[in-house]
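Chains as they are written, first to last, in my numbering: chain A, 824 to 1199; chain B, 824 to 1199.
Virtual Cβ for every residue (Gly too), placed ideally from N, Cα, C.
Okay, structure first, notes after.
2 protein chains.
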Amino acid sequence: MAEFVVNPWEVRGNVDYEKLIKQFGTQHIDDKLLQRIKKHTGELHHFLRRKIFFSHRDMNWILDEYEKGNKFFLYTGRAPSGPVHVGHLVPWLFTKWLQDKFDVELWFQFPDEEKTLVHEDLTLEDTAKWTKENAYDVIALGFDPKKTHFLIDTLHAGLMYKEAMKVAKRITFSTAKAVFGFQGETNIGLIFYTAMQSVPAFLPSVLKKKNIPCLIPYAIDQDPHFRVARDVLPKIGYYKPAALHCVFLPGLGGILEQGKMSSSEEQTAIFTTDSPKTVEQKIVKYTFSGGRDTVAEHRKLGGNPDVDVSYQWLRFFEEDDKKLKQVHDDYTSGKLLTGELKQLLIRKLNDFLKDHQKKREKAKDQFEKFLYESKE
Amino acid sequence: MAEFVVNPWEVRGNVDYEKLIKQFGTQHIDDKLLQRIKKHTGELHHFLRRKIFFSHRDMNWILDEYEKGNKFFLYTGRAPSGPVHVGHLVPWLFTKWLQDKFDVELWFQFPDEEKTLVHEDLTLEDTAKWTKENAYDVIALGFDPKKTHFLIDTLHAGLMYKEAMKVAKRITFSTAKAVFGFQGETNIGLIFYTAMQSVPAFLPSVLKKKNIPCLIPYAIDQDPHFRVARDVLPKIGYYKPAALHCVFLPGLGGILEQGKMSSSEEQTAIFTTDSPKTVEQKIVKYTFSGGRDTVAEHRKLGGNPDVDVSYQWLRFFEEDDKKLKQVHDDYTSGKLLTGELKQLLIRKLNDFLKDHQKKREKAKDQFEKFLYESKE
């Protein structure tokens, strides 16, 4: 078994999600829970049907409260440091679905200081630019501006800093070191930062002066932050935030190579602003194939969809279960060649991106509408 | 030699200021520097004449720049956590004198989060109250509201947090640990806090978009913060702040007992709101005396002003050198008894406090005028 690393600042290797569930102490999203969710949503998002969202904390409690008439709010976010790739969209697409199905508010955090604390050369001026660029992608997904509030750490610090201090007071360096693996050379900004990431999980409760349940959909690498937040928030009078965890969309280079897609490896990432031509070239050239060495061999033995990145990506982007199954069966039997499978993915992605890019253009004058403005 | 401890959160024992100069790497305020200051101020404040301000960093550079027409600004502060005692006033009285003599701006920080991170039971609600109460004492000293700007960390975080992050990025945990003595149980808020204390040393430069020299008068226990700030600020494009350091006003209980007066030891501290009766009772009852056991013995051998707290306090509060010398000589010769010396101090303090309390009352509707309002 290959070694793997999963923490908020690094994902590497062939991630064993079962091991993470044990290690992080989370729960499987099992069929019973899926049925309970379906009772409210009418249908199940394909991310749930396919266990792309695979793990949770306290989701049953969220539904208990919801059924009592006590609505939760959603919280997710994006640490701006570069362009958005399609892997980033996964938790946001799901969050949008949750917002629609449960008719709830979303607080979306842009911690624009975080990555400047990790990357020597990244400045707050850089991340200010990326905050806007990234926000356009979020807006393009169709969130309701009346129910969606953007929090930008440096912009909303007047509101957030005070609350972060209440949390920071209750996290020792020993805890932070154990959870995040901090060392002597770690800077004191990064050591403190987790307190800021906890704030949106209770800020709506502060603002509305009542305790409101919080549900956070996120890729599992962010779990250390919320594990700490769950420890501290009850000590300052708020609920533990509940969580829904998704797996990572692998980079085009393959599941074994890269834990998740990375913006810094441009060739094996598809960005939301990539042209149809670029998408085609990247997929044709860089996508790891589960096919055989020759066509003859492939026809005879069939391909392996479990390691084929085009197929794995279709699990994320092809919503139709029947179509996906057909692809799976045809690829396994050898009927579908790798080149053909890549073309299916190229079409699927380019259709999605054509629409997304149009909406992203329109989003550019919507930014202010989503910014939370303190009424104080 | 008794052990002593001097750091931002603890001052204990018989402080050896010569040792601190060596340990912290600061410079003596020598006669040459005093004469240079006098060239600009016309006279020397009795805190300078008596080496109550005894140490500095880069004061010659501040005067170089000033003589070139490049004015500095002043920065000092108060971490609100309780009532102001007369020891707190020492650096502020001197700062007021500097503001008048050099006609410069003052940025006064109220880090209202700091002490909540040190004291388990102290909340941000408590310090919000003390911020106002303490600010009245600052205003009562007569600072010019047109040239004096209050910064309250949680209130001005919208302005300060972003700048603090630039500093925090450049301080490793190892450095913070070495300077402040942090342990595993130290909370991550306190570890980060020093970055916030550095911000007023360059915020005026940020706001005015030009590099302005900064001079910070403070009691020497705050030096670790500014040592770190001096290290980091040039790395982000700002001058190292210069410093003027004062000794501590001892508690009534004696120089050997208490490193500095402490608000938490109410009997041996004189608060700015104490009544004349309370001042008299505390001084009569608790002030450590350098006198002899009997009047006869005192008349014969004389008292010791070096350990007599009443005399030591008069060094801070009796501005007239001749009067002070008379007291010194009379006490040493045995002409002045301890009870009489105490009465001199009681009159001096009560005269000062009567005036201060009147001004403090008037200050209560001046608070807003001193609050820095972002023009952004």
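Report, in whole angstroms, the separation of the C-beta atoms of residue i and residue j, which I expect to be a contact under 8 Å.
i: residue 1195(A); j: residue 933(A); result: About 11 Å separates the two Cβ atoms, so there is no contact after all.
i: residue 879(A); j: residue 850(A); result: 5 Å
i: residue 1040(B); j: residue 871(B); result: Not quite, the Cβ-Cβ distance comes to about 11 Å (not below 8 Å), so this is no contact.
i: residue 1077(A); j: residue 1130(A); result: 7 Å
i: residue 1013(A); j: residue 945(A); result: The pair is not a contact, with the Cβ atoms about 13 Å apart (cut-off 8 Å).
i: residue 980(A); j: residue 985(B); result: 7 Å
i: residue 1154(A); j: residue 1134(A); result: 6 Å
i: residue 1005(B); j: residue 996(A); result: 7 Å
i: residue 914(B); j: residue 956(B); result: Their Cβ separation, rounded to whole angstroms, is 18 Å, which puts residue 914(B) and residue 956(B) out of contact at 8 Å.
i: residue 1074(B); j: residue 1095(B); result: 16 Å between Cβ atoms; not a contact.
i: residue 1147(A); j: residue 1171(A); result: About 10 Å; that fails the 8 Å criterion.
i: residue 928(A); j: residue 966(A); result: Incorrect: roughly 10 Å between the Cβ atoms, too far for contact.
i: residue 1093(A); j: residue 909(A); result: 5 Å
i: residue 882(B); j: residue 856(B); result: 6 Å
List the residues of chain A whose Cβ lies closer than 9 Å to the Cβ of residue i, in chain order.
i: residue 975(B); result: Simply none; closest approach about 10 Å.
i: residue 1018(B); result: 1011, 1012, 1015
Looking only at its own chain, which residues have a Cβ that is under 8 Å from the Cβ of residue i, when we skip the five neighbours before and after it?
i: residue 831(A); result: 1003, 1044, 1045, 1047, 1048
i: residue 1187(A); result: 959
i: residue 1056(A); result: 990, 1021, 1024, 1025, 1062, 1063, 1064
i: residue 1118(B); result: 1160
i: residue 863(A); result: 886, 889, 924, 925
i: residue 858(A); result: none
i: residue 999(B); result: 1005, 1014, 1017, 1051
i: residue 1191(A); result: none
i: residue 1010(B); result: 940
In chain order, what residues of the same chain have a beta carbon less than 6 Å from the beta carbon of residue i, not counting five sequence neighbours either side?
i: residue 842(A); result: none
i: residue 824(B); result: Any answer about residue 824(B) is weak, because its pLDDT of 47 lies below 50 and its placement is not dependable; what the coordinates show is given next. Cβ neighbours of residue 824(B) beyond the five flanking positions: none.
i: residue 826(A); result: 836
i: residue 888(A); result: 1036
i: residue 898(B); result: 930, 1023, 1024, 1037, 1039
i: residue 1189(A); result: 962
Output, in chain order, the set of chain B residues within a Cβ distance shorter than 8 Å of residue i.
i: residue 1010(A); result: 991, 992, 993, 994, 995, 996
i: residue 1007(A); result: 995, 996, 997, 1000
i: residue 985(A); result: 936, 947, 977, 980
Suppose the cutoff is 7 Å on Cβ atoms and the five residues either side in sequence are ignored; what does the same chain contact list for residue i look like?
i: residue 935(B); result: 903, 947, 950, 951, 954, 975, 976, 977
i: residue 844(B); result: 851, 878
i: residue 1028(A); result: 1034, 1035, 1061
i: residue 1175(B); result: 1140
i: residue 838(B); result: 827, 829, 1071, 1082
i: residue 937(A); result: 902, 1016
i: residue 992(B); result: none
i: residue 1128(B); result: 1113, 1134, 1151, 1154, 1155
i: residue 1271(A); result: With chain A running from 824 to 1199 in the structure shown, residue 1271(A) is simply not present.
What residues from chain A crowd round residue i, counting only those whose CB sits closer than 7 Å?
i: residue 1200(B); result: Lying before the first or after the last residue shown, residue 1200(B) is absent from chain B, which here runs from 824 to 1199.
i: residue 1084(B); result: Those within 7 Å of residue 1084(B) in chain A number zero; the least Cβ separation is about 26 Å.
Using a Cβ cut-off of 8 Å, pull out every chain A residue sitting near residue i, in sequence order please.
i: residue 988(B); result: 936, 939, 940, 947, 977, 1012
Measure from the C-beta of residue i to each C-beta in chain D and report whether the shortest distance is under 8 Å.
i: residue 1148(A); result: Chain labels in this structure do not include chain D; the protein chains are A and B.
Between the stretch 936–960 of chain A and chain B, which residues of the former have a C-beta closer than 7 Å to a C-beta of the latter? Hits within the stretch, in order: 936, 939, 940, 947.
Any C-beta of chain B within less than 7 Å: which residues of the stretch 1049–1076 of chain A qualify? Listed by position along the chain: nothing, the set is empty.
As an exercise, report each continuous beta strand (DSSP E) stretch of at least 3 residues that is fully enclosed by the stretch 890–971 of chain A, in chain order. Secondary structure in the stretch 890–971 of chain A: the beta strand (DSSP E) runs of 3 residues or longer, each lying completely within the stretch, are 896–900, 929–933 in chain order.
Within the stretch 1003–1081 of chain B, ranges of the alpha helix (DSSP H) (whole runs, at least 4 residues): If we require 4 residues or more, the alpha helix (DSSP H) runs fully inside the stretch 1003–1081 of chain B come out as 1011–1021, 1026–1031, 1046–1055.
Go through the stretch 1131–1168 of chain B residue by residue and report every complete run of the alpha helix (DSSP H) that reaches 4 residues or more, in order. If we require 4 residues or more, the alpha helix (DSSP H) runs fully inside the stretch 1131–1168 of chain B come out as 1132–1140, 1144–1156.
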